[in-house]
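There are 2 protein chains.
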Amino acid sequence: MESLAEKTMTDTVFGRMEASVRSLSCASQKPPQGGALDCADCDVRGQSICQALDPDEFEALEKIGRTVSFPSKATVFEQGRDAVHVGNLTSGALRLSKLLPDGRRQVVGFAMPGDFLGLALAKTHMFTADALTPAKICQFSRVGFSELIDEKPRLMRALLEAASHELTLAQDQMVVLGRRTAEEKIAAFLIGMRNRYARIHGASVHVPLPMTRLDIGDYLGLTVETVSRMMTRMAREKTIVIVPDGVRLLDVARLERLAEV
Amino acid sequence: MESLAEKTMTDTVFGRMEASVRSLSCASQKPPQGGALDCADCDVRGQSICQALDPDEFEALEKIGRTVSFPSKATVFEQGRDAVHVGNLTSGALRLSKLLPDGRRQVVGFAMPGDFLGLALAKTHMFTADALTPAKICQFSRVGFSELIDEKPRLMRALLEAASHELTLAQDQMVVLGRRTAEEKIAAFLIGMRNRYARIHGASVHVPLPMTRLDIGDYLGLTVETVSRMMTRMAREKTIVIVPDGVRLLDVARLERLAEV
DNA sequence: CAAAAATTTTGATCCTTGTCAACGACAAGG
DNA sequence: CCTTGTCGTTGACAAGGATCAAAATTTTTG
């Protein structure tokens, strides 16, 4: 019934400008104000909410945005704090989690390149976001972005679509959390991760796992020990192979059967 | 590890016009085409996405909408079927659930008056909606509605806000499912229901529960037996009183402590 | 490169919750 | 009125996963 609360508390940086701010176009290292955005050069242009924008809208976005980098383990923003920015993860991976007062933790998701941060446009952050790897975020002022979407219906529509998609994923995760065994949870998680990588890179049986077993446990409503045991068992049964920083899926069919909706 | 799959299969009616279609303005009983909407007369105008509309937008909505009634236990729409309509629940309560192939079920939410159905605007229904009580829905063609919001930014904004809110609720529910004990789950459920009724009627310690213990269990990731035992225990400890079709909260402070975010 | 810290794995044991079974209350319907 | 079905409750028992403890492994850091 416990879940680590004593994680190494890295300071919150998103919204306080302590992160190394750097422009993509001119790679100046220190200056706190960072350079302008260069969407033409963006890695996730095809996957993010930007995919549906026209040149006019890109220009408007570039005007209010900038790129920010976070080292691994940095806190990008923190549950309960004012939400100064929203943004798009352009590289790296984040852990999104909610903390209970007694230290139990629920990971509500992992953000991957192309994911939008701050979909709810809420004044306060509803969860904490920590960098699992070095991460880059294309960041906008929340208020500015909120005003912009009122003038750019296509952008608002893209945001609505993204929110709907997230809602659907959240409901699927409810099924996983509420009605699946430990083994099924792990299978669903691995297949889910594979599918997300497939959208970014190609389909592959090699699934990198930038998060710890504890993170996986907190995502699936299990303890570290159970996660470890189940993965070891799957490896013993030749369903997967555990490799440094990830797994390789041997019996995808079996995993998909276990994860079946 | 099981969850009733053999529920009395009432036919799906939403999108097939078997429900009694009736206009609010002219109460004609049978005609399949139902009368026009009269938003001025709507009970949930203040709670629903309509709250932010101007007269022009109301008129546009009235043009594509109609009111439909469902008897208790009717299926409003079914997981996997084409989503012909979206709509607003104006009275009654619905159970929204996802079914696993082996019969296990996860209730992803309960719809109350003012709630929007079909937020995702997806072509296919991602879950099944069943009436827990007689229910009325203010219904729009999905495609028509989807086109309308592109012309009425305020309506789209309202929808985005609603989707964001749902997403936040879904993430809260993940914490409940993944990281709370049976007792805490029940407490969170009761406090949650109380808060939802408070939005509609006033705040009250009397909380009607139109759903069965099985529904509650499938919502919280518990069995009927555990739900029953926990509620009986709470009643024995004078935290609640079980009354016909609901509960009365005696020790709200204790429940809130248990449900604490 | 060695020491310290974090993470992962494994084992033993416990306990919360699930499973199985049965009963009573109640409502619907013949 | 009796039957049938649904729902809620209770009890006995089992088990999946949690907890506690510690070793093995990997990563970080001085």
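Protein sequences, first through last, are from chains A and B.
Residue 90 in our numbering sits at position 90 of the first sequence, and the numbers go up by one each step.
Counting the second sequence from 1 gives a position; our numbering is that position plus 1000.
Note that CB positions come from ideal geometry on N, CA and C, so glycine has one too.
Bear in mind the structure is a predicted one, so any value in this text is a computation, not a measurement.
Please check the pair residue i and residue j, which I expect to be a contact at CB under 8 Å, by giving their CB distance rounded to whole angstroms.
i         : j         : result
Leu1119/B : Val1108/B : Contact doesn't hold; Cβ gap of about 12 Å is too wide.
Leu1099/B : Thr1128/B : 7 Å
Ala1163/B : Leu167/A  : 6 Å
Thr1239/B : Leu1255/B : 6 Å
Gln1139/B : Gly1065/B : 6 Å
Ser1069/B : Lys1136/B : 5 Å
Can you pull the DSSP bridge partners for residue i?
i         : result
His85/A   : Ser141/A
Ile1149/B : Paired residue(s): none; Ile1149/B is not in a bridge.
Gly118/A  : Gly118/A is not bridged to any residue.
Ile1242/B : Val1247/B
Lys136/A  : Ser69/A, Ser91/A
Thr124/A  : Asp82/A
Val207/A  : Val247/A
I'd like the span of the beta strand (DSSP E) that includes residue i, first residue to last.
i         : result
Ile1191/B : Careful: Ile1191/B lies outside any beta strand (DSSP E), inside the alpha helix (DSSP H) at 1182–1200.
Ser97/A   : 94–99
Gly1276/B : This structure cannot speak to residue 1276/B, because chain B is shown only from 1001 to 1261.
Ser69/A   : 65–70
By Cβ distance below 8 Å, which residues in the same chain neighbour residue i in space, the five residues on each side in sequence not counted?
i         : result
Thr1010/B : Annotation note: pLDDT 38 at Thr1010/B (below 50); position unreliable, coordinate value reported separately. Cβ neighbours of Thr1010/B beyond the five flanking positions: Lys1073, Ala1074, Thr1075, Asp1130.
Glu57/A   : Lys152, Arg154, Leu155
Thr226/A  : Ala182, Gly217
Asp43/A   : Thr90, Ser91, Pro113
Pro244/A  : none
Gln1051/B : Arg1045, Ala1158
Identify, in the order they occur along the chain, each residue of the same chain with its Cβ nearer than 6 Å to the Cβ of residue i, setting aside the five sequence neighbours on each side.
i         : result
Ala1259/B : Ala1187, Ala1188, Ile1191
Leu1132/B : Ala1093, Arg1095, Pro1210, Met1211
Gly1246/B : Val1207, Pro1208, Leu1209
Val205/A  : Arg248, Leu249
Arg1105/B : Ser1003, Ser1097, Leu1099, Asp1218
Ile1242/B : Ala1235
Val261/A  : none
His125/A  : Phe77, Gln79, Arg81, Ala83
Ala1027/B : Unreliable placement is indicated for Ala1027/B, whose pLDDT of 28 sits below 50; the coordinate value is still reported in the next sentence. Hits under 6 Å: none found.
Leu1222/B : Ala1182
Val224/A  : Arg213, Leu214, Gly217
Leu177/A  : Gly221
Give the interface partners of residue i over in chain A, defined as CB-CB distance under 9 Å, in chain order.
i         : result
Asp1130/B : Within 9 Å Cβ-Cβ: nothing; Asp1130/B doesn't reach chain A, min ~16 Å.
Glu1101/B : The sequence shown places Pro at residue 1101/B, not Glu. Chain A residues near Pro1101/B: Glu260, Val261.
Gly1221/B : Met174, Leu177, Gly178, Arg179, Gly221
Name the chain A residues whose beta carbon is nearer than 7 Å to that of residue i?
i         : result
Ala1163/B : Leu160, Ala163, Ser164, Leu167
Leu1119/B : Ser164, Leu167
Gln1106/B : Met174, Val175, Gly178, Arg179
What span of residues does the alpha helix (DSSP H) with residue i cover, start to end?
i         : result
Val1252/B : 1252–1259
Ile216/A  : 213–220
Val1227/B : 1224–1236
Residue i touches chain B at which residues, Cβ-Cβ below 9 Å?
i        : result
Lys98/A  : Gln1171, Asp1172, Met1174, Val1175, Arg1179, Val1261
Phe140/A : The contacting residues do not exist; Phe140/A stays about 16 Å from chain B at best.
So, for residue i: in the same chain, excluding its five sequence neighbours on each side, which residues have a beta-carbon less than 7 Å away from its beta-carbon?
i         : result
Lys123/A  : Asp82, Ala83
Leu1148/B : Ala1060, Ile1064, Leu1155
Met230/A  : Ala182, Glu183, Ile186
Arg199/A  : Gln47
Glu62/A   : Ala36, Leu37, Cys39
Strictly below 8 Å CB to CB, what residues from chain B border residue i?
i        : result
Met156/A : Pro1153, Met1156, Arg1157, Leu1160
Phe127/A : Gln1171
Asp56/A  : Near Asp56/A there are no residues of chain B at all, since even the closest Cβ is about 16 Å away, more than 8 Å.
Asp150/A : Pro1153, Arg1157
Identify the contact partners of residue i in chain A, using a Cβ-Cβ distance below 8 Å as the criterion.
i         : result
Gly1202/B : By Cβ distance, chain A contributes nothing, its closest Cβ being about 26 Å from Gly1202/B, past 8 Å.
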